[in-house]
Amino acid sequence: MTQHVHDEDVVTTGDGPAPPAAEPDRPAPSPRVAGTIVACFTALAVGVSVLGGDLLNPPASTADGDYEGETVELMIPLAEGGGTDTWARFVSAELTEAVPGSPGLAPENDDGGEGILGTNHFMSSARTDGTEVLVSTASTVVPYLLDVPAVRYDFSQLRPILANGTGAVVYARTGAGVKGVEDLVDRDKPLVFGGIAATGLDLTTLLAFDLLDADIDSTFGFEGRGPVNLALQRGEVDIDYQTTSSYGPAVDPLVEDGTAVPLFSLGQVDEGGEIVRDPNFPEIPTVVEVHEKLYGEQPDADALATYRSILALTYTYQKALWVPEETPDEAVELLRSTAEELGADPAFQKSAAEVLGGYPIDASPDLAERIGEAYRVDDDVREDVLELLESDYDITID
Amino acid sequence: MTDAAFSALASLADPSLLVMLAVGVVAGLVIGLIPGLGGTGAVAILLPVTFGMEPEQALAMLIGALAVVHTSDTVAAVLLGAPGSASASVTMLDGYSMARQGQAKRALSLAFLSSMAGGLIGAVGLTVAIPLARPLVLSFGSPELFMLTILGVSLAAVLSRGNVVKGLTAGFLGLLLGLVGTSPTTAEERFSFGSLFLSDGVSLVAVALGIFGLAEIASRVGQRRVTERPVELTGGWGSGIREWLTHWTQVVRGALIGIWAGVLPGVGATAGTWLAYGQAVATAKDKRKFGKGDPRGIVGPESANNSVEAGDLIPTFLFGIPGGVPSAMLLGMLLTYGIQPGPAIVTEHLDLMYLIIWAFAIASVVGAFLCFMATPSLAKLTKVPFAVLGPGLLVVMLLGAYQEGGQLGDLWVMVVLGVVGFFLKATGMPRAPFLIGFVLAIPMERYYYLTTSLYDGAGWMARPGVLVFAALLVGPLLWALVKKVRGAYGAVDDGHRSELEELPGEDLEGSMAGTRWSFTVALVAVLLFVGALWVSGSFSEEAQLMPRLVSFCGLVAAGTLLWQERRNARPRPPAAAEPEPLPSSGSTVVASRVDTAADPRVEARRRDLVIAGRTFAAMATFLVLVALGGYLAATLVFVPVFLLYAARARPRTAVVYTLVLGLVLLSLPSLLPVDLPMGWLQ
Numbered sequence: 126m127t128q129h130v131h132d133e134d135v136v137t138t139g140d141g142p143a144p145p146a147a148e149p150d151r152p153a154p155s156p157r158v159a160g161t162i163v164a165c166f167t168a169l170a171v172g173v174s175v176l177g178g179d180l181l182n183p184p185a186s187t188a189d190g191d192y193e194g195e196t197v198e199l200m201i202p203l204a205e206g207g208g209t210d211t212w213a214r215f216v217s218a219e220l221t222e223a224v225p226g227s228p229g230l231a232p233e234n235d236d237g238g239e240g241i242l243g244t245n246h247f248m249s250s251a252r253t254d255g256t257e258v259l260v261s262t263a264s265t266v267v268p269y270l271l272d273v274p275a276v277r278y279d280f281s282q283l284r285p286i287l288a289n290g291t292g293a294v295v296y297a298r299t300g301a302g303v304k305g306v307e308d309l310v311d312r313d314k315p316l317v318f319g320g321i322a323a324t325g326l327d328l329t330t331l332l333a334f335d336l337l338d339a340d341i342d343s344t345f346g347f348e349g350r351g352p353v354n355l356a357l358q359r360g361e362v363d364i365d366y367q368t369t370s371s372y373g374p375a376v377d378p379l380v381e382d383g384t385a386v387p388l389f390s391l392g393q394v395d396e397g398g399e400i401v402r403d404p405n406f407p408e409i410p411t412v413v414e415v416h417e418k419l420y421g422e423q424p425d426a427d428a429l430a431t432y433r434s435i436l437a438l439t440y441t442y443q444k445a446l447w448v449p450e451e452t453p454d455e456a457v458e459l460l461r462s463t464a465e466e467l468g469a470d471p472a473f474q475k476s477a478a479e480v481l482g483g484y485p486i487d488a489s490p491d492l493a494e495r496i497g498e499a500y501r502v503d504d505d506v507r508e509d510v511l512e513l514l515e516s517d518y519d520i521t522i523d
Numbered sequence: 002m003t004d005a006a007f008s009a010l011a012s013l014a015d016p017s018l019l020v021m022l023a024v025g026v027v028a029g030l031v032i033g034l035i036p037g038l039g040g041t042g043a044v045a046i047l048l049p050v051t052f053g054m055e056p057e058q059a060l061a062m063l064i065g066a067l068a069v070v071h072t073s074d075t076v077a078a079v080l081l082g083a084p085g086s087a088s089a090s091v092t093m094l095d096g097y098s099m100a101r102q103g104q105a106k107r108a109l110s111l112a113f114l115s116s117m118a119g120g121l122i123g124a125v126g127l128t129v130a131i132p133l134a135r136p137l138v139l140s141f142g143s144p145e146l147f148m149l150t151i152l153g154v155s156l157a158a159v160l161s162r163g164n165v166v167k168g169l170t171a172g173f174l175g176l177l178l179g180l181v182g183t184s185p186t187t188a189e190e191r192f193s194f195g196s197l198f199l200s201d202g203v204s205l206v207a208v209a210l211g212i213f214g215l216a217e218i219a220s221r222v223g224q225r226r227v228t229e230r231p232v233e234l235t236g237g238w239g240s241g242i243r244e245w246l247t248h249w250t251q252v253v254r255g256a257l258i259g260i261w262a263g264v265l266p267g268v269g270a271t272a273g274t275w276l277a278y279g280q281a282v283a284t285a286k287d288k289r290k291f292g293k294g295d296p297r298g299i300v301g302p303e304s305a306n307n308s309v310e311a312g313d314l315i316p317t318f319l320f321g322i323p324g325g326v327p328s329a330m331l332l333g334m335l336l337t338y339g340i341q342p343g344p345a346i347v348t349e350h351l352d353l354m355y356l357i358i359w360a361f362a363i364a365s366v367v368g369a370f371l372c373f374m375a376t377p378s379l380a381k382l383t384k385v386p387f388a389v390l391g392p393g394l395l396v397v398m399l400l401g402a403y404q405e406g407g408q409l410g411d412l413w414v415m416v417v418l419g420v421v422g423f424f425l426k427a428t429g430m431p432r433a434p435f436l437i438g439f440v441l442a443i444p445m446e447r448y449y450y451l452t453t454s455l456y457d458g459a460g461w462m463a464r465p466g467v468l469v470f471a472a473l474l475v476g477p478l479l480w481a482l483v484k485k486v487r488g489a490y491g492a493v494d495d496g497h498r499s500e501l502e503e504l505p506g507e508d509l510e511g512s513m514a515g516t517r518w519s520f521t522v523a524l525v526a527v528l529l530f531v532g533a534l535w536v537s538g539s540f541s542e543e544a545q546l547m548p549r550l551v552s553f554c555g556l557v558a559a560g561t562l563l564w565q566e567r568r569n570a571r572p573r574p575p576a577a578a579e580p581e582p583l584p585s586s587g588s589t590v591v592a593s594r595v596d597t598a599a600d601p602r603v604e605a606r607r608r609d610l611v612i613a614g615r616t617f618a619a620m621a622t623f624l625v626l627v628a629l630g631g632y633l634a635a636t637l638v639f640v641p642v643f644l645l646y647a648a649r650a651r652p653r654t655a656v657v658y659t660l661v662l663g664l665v666l667l668s669l670p671s672l673l674p675v676d677l678p679m680g681w682l683q
C-alpha cells in the first residue's frame, strides 16, 4: 500500500511546479503549508480508495434464505428508455419487492456495442453471490449465436432466473397490391421490407421470408420499428413486422381502415419444440401454415429447424435475467421460485400486462434446461444463418 | 374536448399532484444546472421514485422536470461557456459573449423569460398540434428529413461567427467524428480501428463538454482575477422584462419553429434550435452583433429549445417514437401503467394528455420564474476568478460526461476534444457547426441512404418539401451573392463576420487566426480528411457512401482554407519575433520562454499556449489518478494541488474547497443517479 502512496505523490508533484509568475499577484503558498495540505489530502485519498471500498461493501449473505439488507445490482447492457430497459426495470422492481428480505434495487445501464460491452463486463466481473443480475435480449443473443468476435460471454456459463417471450406479426400495405399471403410470391415488383439491421431482431423475419421464398427487397437503416411503421403509412416501404406489444396501437387502426393487411405471425415454439400459433394472435396463421397453404407441403426440414432455433432464441426466450454460474444454488433457487410465484400472481399479471406484452413470466424449475437447449445452437444452424446473411444481404461476420 | 381540459386543470388543484409537480420542477432545475446530466439525468433520478405512484402523479413529476431542464441548462452555457447539450450551444453563442461583457444578468433574464414563453407556447402548441400531428408527420418522408439535417448543419456553418469556409470545415470535421462507430445501414464498424469502445461512436456529452467546456477552462484558467467589466443592469426586474418584451416576435417565432421541429421524429430537437437562430439572423436588418451578444440571438433559440420539448412529446405519445432518451423513459413509464402510446391515446387517455399539457405549462412558468428570481445570485458566479472555479468545474463536467456511457474512455476522448476545441477556438474556427455536424451525422446518413434506396432516381428532389428546404438553403446564399455583385459588399450584410476587428482584450477567441497555428489547423484538417478518404476505401459499398462524401467535401473546404492560410505558412516580416519554429503538433507545447521585446500579441499567445498546455496536462494527470484510485481519491489529490499552485488560492480556501467538493462527491451517488468512476486500486 505504501508504494501506491509514492505513486500518487510522484504523479501529483510532477504537475506541481508553479506556473511562471508573469503577473504580480498573490505569491505561491509557502512550500511547507502547501506540502502539508497536499500530503494530508493524499493520505485521505488513499484511505478512501483502499479502505472505503471494503467498509461500504460488506460481503453479502444471500444463501441464508433471504436478501435482508442486500442490494441487487441490475446490469442493463442497453440504453435507458428502450424496450429492454423498461421491461428489465419493471420486472426486477417487482421481483426484488417479492424476494424475502426485500432487497434494494440498483439498475445500471452500461450501454456499449449494442449490449455486447456491458454483457462482456458482467461475464468478467460480476459478483457471484446472487446480488448482480444481467438482462439479456435479442441484441445480445444474436451476436452470441453468430459468434461475433467481440462477444466474450457465454450463456451456457450463466444461470437463468426467469425468461419472458414475445411474438411478432408480419403485415403489408394494401396499396402495394397485397391482399393476402398469395401476393408474397411471384411478384412483378418485389415488396420493399424496412429493417433496422439484418444482424438484430430482423433476422428472424428475414429467415421467415427465406422460408417462404417471398419476393422481398430489404432496406436496412431505419432507426426503429416505429419509424418503419410510419414509412409504411407513407408508402415508402411495403412490408413490415411489429412485435406483440406495439402491434395493437400501431397496426390495428391500419387494418381497420384497410391500409394494411396482416399476413402471418412468426409463431411460438411450444414445450415440445413445435411451432404453434401465437396465443396473442390466435386468428393469424404462422409462417409454417402459410408455407403449407402456398406450396401444399411442410417447409424443408433443415430450413425449418434453423428457423425454429432462431425463433426460440429471439422470441420465445427473448428476454431473460441471469446470474453467474458460481452463484450459490440457494440464492438462484430463491430468486427463481420467487419469480415463479410472482408470475402466477393475478395482481402482478394484471399490472404487468402491457410490459410483458401478453406472455407469461417463465420461471418453472425446468427453465434452465429448456433455455439451455434453446441456446445450444447447432453449428449447421449457424452456418445456415451466416450463409443467408452473406448470400442475400452481403454481410460477413469476421 | 374543453371539458377534459378543464377537468384536467381541476385535478391539478389536488395538493398531492401539485407537490409532485413541484418536486419535479426543483429536481429538473437542479439537474439542468449540472452540464452533462440533462433530461436523461432528470428522468433517470425521478423514475424509480415514481414506482408505486398513480400515473397522474408520476406524469406530473416527470413532465415537471422535463419542462424545466432546458431552462436551467442555460446557466452553464451562458456563464461558463459549457453547454451540456447540442441545443444549449446555440444560446451560448450570444449569451456567453454577453456574459463576458459583464452583462450576465441581462443574458440570463432574457433567456429565462424566453424559456418561460417557449414552454407556454409549446403547451398551447401541443394542444393544437394533436389533431394535425398525424398528417404533418406522415408528410415528412426520408427525403425531407434528410434535407432537414443538411439545413441544420449548413445553418450552423454559415451563421456561426468566423468565415464560411472555416464554418464548413468545422462542420465537416464534426460530421466525420459523428461517423465513427457502427454504420446505421450495414451495421459495420467504421473508423473504430478494432476498438469496441469506439464502435459505439463517441459520446455526445463528451463532445459537447470537451469541445466547449474543457477548451474554455484551458483558455481561461490563467485568469486569476476577474477581468470582466462589471456592468450592472440598472432598473431591476422591470427593465429586463421591458427589454425582453421588445423582442416578443422573436420569442413567438422561435417557439413556433421549436414545436414544428420537435414534432418531426429523429432530427427535430437539434435542428430546431438552429433553425430558430437561423431565422433570427436572416430576418434581422442589422446582423453585425450576432455572435457578440445580440439579445435576439438569445431569445429565439431559448424559446425554441423549450417548445421543442413540448413538440417532442407528440411523436412520443402518438407514434411511440421518442425524440430522445428522456422521452423514451417517459414512454417506458407509461407502459408500466398499462398505457400504450399510439393514435388511440388521444381518445382513450385524453384526460392524461391534458394533464401533461397543463403540467408542462405550469412547470415552464414556475421553473423560469424561479430561475429569473435567482438571476442576480447566479450572475455573481462570474465574479469568481476562473482559476478557482476551474478545478471544481472540471471535476463536475468530467463526472457528468462519465454518466452517459460509464466508461473512462469517454473522459479521455473529452480531454482530447478539449485540446481540439482549444485550437479551433484560438484559430477562430466556429465550434458550433462541429457539434451540430457531430449530432446530425448519423441521421443524415440514415435518411440519405433511405432516400436513395426507397426512391427511384432523383425523383425525390422534386418533392415539394424538399424544394422548400432547398430554397431555404440556397436562397440566402444567392441573396448574398446578388448583393455582392451589386456592390453592397460588406455594407449591410456579412457585417457580423469581422472577427478580427474586435477589441483586443484577453479573449482567446480567434487570437491565433492568421498565424502559423491557424495554418497548421487547416493542414491537420486536410490530412484528417485525406486519411478518412483513404480509410473509407475499405468499407463496404453502402457504408462508404457517406464517409467518402463527407471527407471529399471536407477536403475541398479544408483545402480552400489552407489556400487562404497559405501566406501564414512562414513567418511574416513584421511578426519575425518568433525565433525558433514551434512544433506543428498541438499537444506538445514546449514552454520556451524567450524574453524578447516581442509584439505583445505574440507574447500573449505564447502565454495562452503554455497555460493551456499545462492545464491539459493537469487534466490528463487527473484522469490517470482516477484510473488509479477512483474519482473521489483523485479529486482529493488533484484539487488542492491545482488550487494551491496554479490558482494561488489561500491555503484555507483550498482546504475548505476540497473538503466541500469531496463531501459533495461522497453524497452525490445517493442523491442523484450518478456513478463515480472506480479506480484500479479499489
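Residue numbers (the working numbering), protein chains in the order written: chain A, 126 to 523; chain B, 2 to 683.
In this text, a Cβ means the ideal position worked out from N, Cα and C, and glycines have one as well.
Considering only residues of the same chain and omitting the five flanking positions on each side of B:A28, which have a CB-CB separation below 7 angstroms? Within the second sequence, numbered from 1, the residue matching residue 28 of chain B stands at position 27. Excluding sequence neighbours, B:A28 sits near A43, I46, L47 and A66.
Let me make sure I understand the geometry here. Which of B:P84, B:A281 and B:L257 has the alpha-carbon closest to that of B:L205? In the second sequence, the residue the question calls residue 205 of chain B occupies position 204. Cα-wise, what sits closest to B:L205 is B:P84.
Of the residues B:V557, B:G168, B:A647 and B:F617, the one placed nearest B:A216, counting alpha carbons only: Taking the second sequence and counting its residues from 1, the one referred to as residue 216 of chain B is at position 215. Of the listed residues, the one whose Cα sits closest to B:A216 is B:F617.
Whose C-alpha, out of A:L169, A:T196 and A:G397, is nearest the C-alpha of A:T221? Numbered from 1 along the first sequence, position 96 holds the residue referred to as residue 221 of chain A. Per the Cα distances, A:T196.
For B:M513, does the three-state DSSP call read helix, strand or coil? As a working mapping, residue 513 of chain B is identified with position 512 in the second sequence. The answer is coil: DSSP assigns B:M513 none of H, G, I, E or B.
State the Cα-Cα distance for the pair B:F1 and B:L174, rounded to the nearest angstrom. Nothing can be reported for residue 1 of chain B: it is not among the residues displayed for chain B, which extend from 2 to 683.
Chain-ordered residues of the segment 434–452 of chain B with a beta carbon less than 7 angstroms from chain A: R447, Y450 and L451
Could you compute how far the alpha carbon of B:A559 sits from the alpha carbon of B:L528? In the second sequence, counting from the first residue as 1, residue 559 of chain B sits at position 558. In the second sequence, counting from the first residue as 1, residue 528 of chain B sits at position 527. B:A559 and B:L528: Cα-Cα distance of roughly 9 angstroms.
Paired residues, beta bridge with A:R284 - DSSP: On the first sequence, position 159 is the one that residue 284 of chain A refers to. Within the DSSP secondary-structure output, A:R284 pairs in a beta bridge with A:V448.
Going along the chain, which residues of the segment 344–364 of chain A sit with their C-beta nearer than 8 angstroms to a C-beta in chain B? T344, F345, G346, F347, E348, G349, G351, P352, N354, L355, A356, Q358, R359, E361 and V362
Tell me, please, whether the CB atom of B:T337 is closer than 8 angstroms to any CB atom in chain A? For the purposes of this step, residue 337 of chain B is taken as the residue at position 336 of the second sequence. It does; some Cβ of chain A falls within 8 angstroms.
Excluding five sequence neighbours on each side, which residues of the same chain lie with their C-beta closer than 7 angstroms to the C-beta of B:L524? If you number the second sequence from 1, residue 524 of chain B lands on position 523. Result list for B:L524: L563, in chain order.
B:F52: contacting residues in chain A (beta-carbon distance under 7 angstroms): As a first step, residue 52 of chain B must be located in the second sequence, where it is residue number 51. Per Cβ cutoff of 7 angstroms: A218.
Whole angstroms is fine: what's the gap from A:V173's alpha carbon to B:V551's? Taking the first sequence and counting its residues from 1, one reaches residue 173 of chain A at position 48. Taking the second sequence and counting its residues from 1, one reaches residue 551 of chain B at position 550. Whole-angstrom Cα-Cα distance: 48 angstroms.
Within a Cβ cutoff of 6 angstroms, which residues of the same chain sit near B:S116, ignoring the five residues on either side of it in sequence? On the second sequence, position 115 is the one that residue 116 of chain B refers to. Closer than 6 angstroms at Cβ, skipping near neighbours: T72, E303, N307 and A369.
Contacting positions in the segment 305–321 of chain B - beta carbon closer than 9 angstroms to chain A: P316, F320 and G321
Flag B:E500 as yes if its beta-carbon sits less than 8 angstroms from any beta-carbon of chain A, otherwise no. Walking along the second sequence from the start, residue 500 of chain B turns up at place 499. A caution first: B:E500 carries a pLDDT of 39, below 50, which makes its placement in the model unreliable, though a value can still be read off. Interface flag for B:E500 against chain A is unset, since no Cβ pair is found closer than 8 angstroms.
Closer than 8 angstroms, CB to CB, is A:A147 near chain B or not? Looking up residue 147 of chain A in the first sequence gives position 22. Legend: pLDDT at A:A147 = 41, less than 50; position of this residue unreliable, no value from coordinates given.
State buried or exposed for A:Q443, treating a residue as buried only when at least 16 other CB atoms are found within 10 Å of its CB. Translated into positions along the first sequence, residue 443 of chain A becomes position 318. A:Q443 comes out buried.
Outcome for B:S365 when other beta-carbon atoms lying within 10 angstroms are tallied against a minimum of 16: Taking the first residue of the second sequence as position 1, residue 365 of chain B is located at position 364. Its Cβ being crowded by 16 or more others within 10 Å, B:S365 is buried.
Give, in chain order, every unbroken run of the alpha helix (DSSP H) that is at least 4 residues long and sits entirely within the segment 253–308 of chain B. 269–284
What ranges does the beta strand (DSSP E) occupy inside the segment 337–377 of chain A, keeping only unbroken runs of at least 3 residues that lie completely in it? Qualifying beta strand (DSSP E) stretches, in chain order: 341–344 and 364–368.
Please confirm whether A:L419 and A:V306 have their CB atoms less than 8 angstroms apart. By one-based count along the first sequence, residue 419 of chain A stands at place 294. By one-based count along the first sequence, residue 306 of chain A stands at place 181. Yes; because the gap between Cβ atoms is below 8 angstroms, this pair is in contact.
My understanding is that A:A170 touches B:L637, with C-beta atoms under 8 angstroms, so please give their C-beta distance in whole angstroms. Translated into the one-based positions of the first sequence, residue 170 of chain A becomes position 45. Translated into the one-based positions of the second sequence, residue 637 of chain B becomes position 636. With a Cβ gap of about 4 angstroms, A:A170 and B:L637 count as contacting.
Is B:P344 close to chain A? Criterion is C-beta to C-beta, closer than 8 angstroms. Taking the second sequence and counting its residues from 1, one reaches residue 344 of chain B at position 343. For B:P344, the answer is yes, since a Cβ of chain A falls inside 8 angstroms of its Cβ.
Closest Cβ-Cβ distance between A:G320 and chain B: below 8 angstroms? Start at 1 with the first residue of the first sequence, and residue 320 of chain A comes out as number 195. A:G320 does not count as touching chain B.
Taking all protein chains shown into account, decide if B:R684 is buried (16 or more other Cβ within 10 angstroms of its Cβ) or exposed. This structure cannot speak to residue 684 of chain B, because chain B is shown only from 2 to 683.
What would DSSP say about B:V157, mapped onto helix, strand or coil? Within the second sequence, the letter at position 156 stands for residue 157 of chain B. First, the residue type needs correcting, since residue 157 of chain B is Ala and not Val in the sequence shown. If DSSP states are grouped into helix, strand and coil, B:A157 belongs with the helices.
I'd like the ranges of any alpha helix (DSSP H) spanning at least 4 consecutive residues and lying wholly in the segment 245–295 of chain A. 263–270
Should A:A159 be flagged as near chain B, meaning a C-beta pair shorter than 8 angstroms? As a working note, residue 159 of chain A is residue 34 in the first sequence. So yes, A:A159 belongs to the interface.
Residues near B:S588 by beta carbon distance below 7 angstroms, same chain, minus five either side: For the purposes of this step, residue 588 of chain B is taken as the residue at position 587 of the second sequence. Residue placement at B:S588 is flagged as unreliable, the pLDDT there being 40, under the threshold of 50; a coordinate-derived value is accordingly withheld.
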